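Colleague: In terms of this note's numbering, the sequence shown opens at residue -1 and continues consecutively.
Even glycine gets a Cβ: it sits at the ideal position worked out from N, Cα and C.
In this text, all values refer to a predicted model and were calculated from it rather than measured experimentally.
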Amino acid sequence: MHSLEGVYLSEKEKEERKEGTVYGWAYVAGKEIIKHLEEMHGDKAGKKLETYLLTLRSELIPERFKRALIDILIEFTPEIGIPEEIKVEKRWSIDEYYRYSTAILAGFLDALNTWRREKEKKTKEEEVKKSA
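1) Tell me the residue span of the alpha helix (DSSP H) that contains LYS117.
2) At what residues does the alpha helix (DSSP H) containing THR49 begin and finish?
3) Do you know how far the Cα of VAL126 is from the Cα of PHE63?
4) Taking a contact to mean a Cβ-Cβ separation below 8 angstroms, would you say GLY78 touches GLU30 in this structure?
5) When DSSP labels each residue in this structure, what does VAL86 get in the three-state scheme?
6) Any idea if SER166 is buried or exposed, counting beta-carbon neighbours within 10 angstroms, 16 or more meaning buried?
7) Can you tell which of GLU124, LYS122, LYS128, LYS117 has the C-alpha that lies nearest to the C-alpha of GLY40?
8) Assuming ILE84 contacts LEU67 under a Cβ cut-off of 8 angstroms, what Cβ separation, rounded to an integer in Å, is found between them?
So this is what it looks like as structure tokens:
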């Protein structure tokens, strides 16, 4: 029998479970990056973050992935700490590279999708207020 634990988590519970993981860090960092991008580029912020995601995704060598990631972080969110797994000078094994890069890309993508949903919801609420 499959467990359905976690299927109906509140947003607060989801946030709490994300903390302390590379994915959770990437999600929070992604939200900060998109916030900065929105201040700089307005509605084009989503496209800009997509471009950064594609750049990261195209890096097939672990060290280049880490360098590209750190460059993005320095550009937008110097106040966000960098997890040990990323800032340690130790080379990643192939397994670590796939595990960490997947978690980071997923966290950034989920942050982007959350931002889009919030923006869509806000737009719908404004339309309802105008029509009322």
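Modeller: Taking the coordinates as given:
1) Here residue 117 refers to the residue found at position 119 of the sequence shown. 92 to 129 is the extent of the alpha helix (DSSP H) around LYS117.
2) As a position in the sequence shown, residue 49 is number 51, starting the count at 1. That run of the alpha helix (DSSP H) goes 43 to 56.
3) Counting from 1 along the sequence shown, the entry for residue 63 is found at position 65. Counting from 1 along the sequence shown, the entry for residue 126 is found at position 128. Using only the alpha carbons, I get a separation of about 44 angstroms.
4) Here residue 78 is taken as the residue at index 80 of the sequence shown, counted from 1. Here residue 30 is taken as the residue at index 32 of the sequence shown, counted from 1. The question names Gly, yet the displayed sequence has Ile at residue 78. Their beta carbons are under 8 angstroms apart, which means ILE78 touches GLU30 by this criterion.
5) The sequence position of residue 86 within the sequence shown is 88, counting from 1. It is coil, neither helix nor strand.
6) Given that the chain is displayed from residue -1 to residue 130, the structure contains no residue 166 and the question cannot be resolved.
7) Taking the sequence shown and counting its residues from 1, one reaches residue 40 at position 42. Comparing Cα positions, the closest option is LYS117.
8) Mapped onto the sequence shown, residue 84 falls at position 86. Mapped onto the sequence shown, residue 67 falls at position 69. Contact holds; Cβ gap of about 7 angstroms.
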